[in-house]
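To start, the structure under review is shown below, and the notes come after it.
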Amino acid sequence: MYASPPICNLLVLRSPDIERAATFYSQMGLLFTKHAHGNGPKHYTSTVDGFVFEIYPARSSDDTTTRTRLGFSVDDVDSIVEMLLEIGATLRTKPTDSEWGRRAVVHDLDGHVVELVTPPNRDPSYSSQNGG
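According to this note's numbering, the sequence shown is numbered sequentially starting from 65.
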């Protein structure tokens, strides 16, 4: 029997300041809405091609996801890194050419490691067609 491999469809980050976190990821082009499920906490969500990216408030100082490394394919690594640095991101690896394309690594405003790459075959029109 053949089973298709699983497809990741949800990532939840915890942040002590969800407004600040949403600002960071919005700079990369994610579009967020703020809402709550039932009596749950207000949080931000962005959906692109069925993948849901959510930012929830940290419930305590121990409630952290900062050991999570995230990766995003973007249209232009250099310009996005510049915009992220302007709002307080920390540069870990400057934009350079790699076997995966143009690549950089930053820390978001909460300390998550965020890898950004522009693959050689990335179609810039993809983001405008798919909500990202």
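Note that the Cβ used here is the ideal one computed from N, Cα and C, for glycine as well.
Given the structure is predicted, the values throughout are model-derived calculations rather than measurements.
Asked: If you follow the alpha helix (DSSP H) that Ser143 is in, where does it begin and where does it stop?; Found: Val141 to Glu150
Asked: So the candidates are Pro69, Ser68, Leu180 and Leu77; which of them puts its Cα closest to the Cα of Asp202?; Found: Examination of residue 202 is not possible in this model, given that the chain is present from 65 through 196 alone.
Asked: Using a 10 Å radius around the Cβ and a threshold of 16 neighbouring Cβ atoms, would you call Phe96 buried or exposed?; Found: buried
Asked: Can you grab the Cα-Cα spacing for the pair His99 / Tyr66, in whole Å?; Found: 38 Å
Asked: Closer than 6 Å by C-beta to Leu148: which residues in its own chain qualify, once you throw out the five before and the five after it? Chain order, please.; Found: Gln91 and Val170
Asked: Relative to the alpha-carbon of Asp140, which residue among Asp81, Ser68, Arg167 and Thr87 has its alpha-carbon at the smallest distance?; Found: Arg167
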